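Each remark here refers to the structure printed beneath this line.
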Amino acid sequence: MRPVLRGRRLRDPNMRDRLYELLEHDPLAYSAGSRFIQIIIGVIVLNVVAMVLASVPELDARFGALFEAITILSVIVFALEYLARLWTVAGHTPRKGSALSDRLGYLFSTLGLIDLMAFLPAAIVLAVGRHATLAALGVLPFFKLVRYSPAMRSLLAAVHAERRALIGCIVILTGAVLTFASLLYAIERDVQPDKLGTIPHAMWWAIVTLGTVGYGDVVPVTPLGKLISTFAIISGFAMIALPVAIISTAFAEEVKRRDFVVTWGMLARVPLFSHLAAAEIADIMRLLRARTVEQGEVLVRRGDVASSMYFITAGEVEIALPSQHVRLADGTFFGEIALLHKTKRSGTVTATRKTRLLVLDAQDFHALIARMPTLADHVHTTAKARLADSGDLAAAELAQAEKGGGGETS
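Counting the sequence shown from 1 gives a position; this note's numbering is that position plus 870.
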């Protein structure tokens, strides 16, 4: 019966969902998903370095067996990852189609093709035995970093978003190349028949001139040809600046959009904001600052002046109060009592693991609760509950703070 039970587990949808989260989720550093990502990135770097070094004959003669072993290991790891992604993607696509359509969608997607090309060509070369070709394939696994690099994904998204404008730039550049090549061909075909005797030959000159490269292998010699070259060089600056400006602007917008989505997602983890309208959440987002603290890092200390309120979006912190220790995890917040009563911190807050926080400064906190009564009621209710349990501020310290202003709060 045991082999049958094991077979059922392999087909268990819950197992597939957990494996999908491991492969696709963007986790914190302490999670299993993050460790998996670190392993994959490590294999990518190791494989690329090995392939680069293998192109050096002296190193290949000495460490060829090691380089080949690294390649075989990389092929196995990337192949297993590819198969795991192919299996788990079923039921996790926006289309909500059949398992077959989901898997075909991954097979022909950009990331799916990158994952496939990371190991398939190298596996074929290893099987054929032409190991010298492996060095030329060493760059292919590097493109897998697109999956794990937000900057690379943002750049690709920016290029895709502006693809029509970039295609327009290519059309304009092609027209400029043809125009200047035709002019120089007409002027210097008799003077330099070996270099500018045909329009295709002149197009090489136009391309390197408009690209501001200017190799110098083909240059005009007549005064009129030099005048045409002057206009070509000036036009080249515009040809280069136009797509660069388009891509840089789109990239900046994509980064802003990504930051907005990330911050919105972090806010969604905080129950305090779950009842707010989209306009109110957008208003709060302008006031919050994202912050990440490492495990063991002290966020605030007992006796510090209260200057901020903190929302935990992922992770955990421990508050060391005079009477007890309190741990707070995802979706909770702390520091509001110190701001409400304008006292000092009564406890030291330490991250028990890597934690992502949203920080609200004191001035913005008071302005926010002043214009959002519902939010203010929730904060006051939570603060009273914590005081009743002595979870955030000791009762004696609160009384002292109300009398003389010398108390502390966390």
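Backbone N, C-alpha and C define an ideal beta-carbon position, used for all residues, glycine too. All figures in this text were calculated on a predicted structure; none of them were measured in a lab.
Proximity of residue i and residue j at Cβ, strictly below 8 Å
i: L1080; j: L1043; result: yes
i: R1161; j: L1209; result: no
i: P1093; j: E1058; result: no
i: S1178; j: A1253; result: no
i: F1203; j: I1189; result: no
i: T1222; j: R1241; result: no
i: L1010; j: A1031; result: no
i: F1050; j: A1076; result: yes
i: V1047; j: M1073; result: yes
i: G1086; j: L1054; result: no
i: V1029; j: R1023; result: no
i: V1219; j: L1137; result: no
i: L976; j: L956; result: In the sequence on display, residue 976 carries Tyr and not Leu. Yes, they are a contact pair.
i: V918; j: F1012; result: yes
i: V1088; j: L1066; result: yes
i: L1191; j: G1217; result: yes
Buried versus exposed call for residue i [16 or more other C-beta atoms within 10 Å across all chains shown]
i: H1211; result: buried
i: I909; result: exposed
i: W1134; result: exposed
i: K1224; result: buried
i: T941; result: buried
i: L1268; result: Residue confidence for L1268 is low, a pLDDT of 39 falling below 50, so the modelled location carries little weight; the figure read from the coordinates is stated next. Result: buried.
i: L970; result: exposed
i: G843; result: Within the shown structure, residues of the chain are numbered from 871 to 1280, placing residue 843 beyond reach of any answer.
i: V1114; result: exposed
i: V915; result: exposed
i: S1099; result: buried
i: L1238; result: buried
i: I1207; result: buried
i: E1124; result: buried
i: L1158; result: buried
i: F948; result: buried
Three-state secondary structure (DSSP) of residue i
i: V1016; result: helix
i: F989; result: coil
i: S1178; result: strand
i: V1168; result: strand
i: R886; result: helix
i: F978; result: coil
i: A1221; result: strand
i: A1266; result: Caution applies to A1266, whose pLDDT of 40 falls short of 50 and renders its modelled position unreliable; the value that the coordinates give is listed next. It is helical.
i: K1214; result: strand
i: A1102; result: helix
i: S925; result: coil
i: M1242; result: coil
i: E938; result: helix
i: D1060; result: coil
i: G1067; result: coil
i: E1124; result: helix
Strand pairing of residue i, partner residues [DSSP]
i: L1198; result: V1187
i: A1160; result: L1228
i: V1204; result: In the sequence as presented, Val is not what sits at residue 1204; that position holds Phe. In the DSSP output, where bridge partners are listed per residue, F1204 has Y1180.
Cβ-heavy atom distance, residue i to the ligand PLP, below 7 Å
i: F1181; result: Within the structure as shown, the ligand PLP is missing, as the structure has no ligands at all.
C-alpha gap between residue i and residue j, whole angstroms
i: A1271; j: R1156; result: In this prediction, A1271 scores a pLDDT of 40, lower than 50, which makes its location untrustworthy; the coordinate-derived value is nonetheless stated afterwards. For A1271 and R1156, the distance between alpha carbons rounds to 32 Å.
i: A1027; j: A1246; result: 39 Å
i: K1273; j: K1214; result: With a pLDDT of only 44 at K1273, under 50, the local geometry of the prediction cannot be trusted, and the value read off the model is given with reservation. Each residue's alpha carbon lies about 14 Å from the other.
i: V1187; j: S968; result: 42 Å
i: G1038; j: A993; result: 39 Å
i: L1036; j: M1109; result: 11 Å
i: V945; j: F978; result: 20 Å
i: A1149; j: Y1180; result: 21 Å
i: M885; j: A954; result: 12 Å
i: Q1165; j: R905; result: 16 Å
i: G982; j: F1107; result: 37 Å
i: L990; j: I1117; result: 32 Å
i: I911; j: Q1194; result: 42 Å
i: Y890; j: R1033; result: 31 Å
i: G1185; j: V1229; result: 15 Å
i: I907; j: R1128; result: 20 Å
i: P1243; j: D972; result: 46 Å
i: D887; j: H1071; result: 58 Å
i: D1153; j: G1045; result: 48 Å
i: I1151; j: G1201; result: 15 Å
i: L892; j: Y1018; result: 13 Å
i: R932; j: S925; result: 12 Å
i: I1104; j: F1121; result: 26 Å
i: A1199; j: A920; result: 42 Å
i: D1060; j: S1052; result: 14 Å
i: V1249; j: V1131; result: 25 Å
i: V995; j: E938; result: 11 Å
i: L1025; j: L943; result: 30 Å
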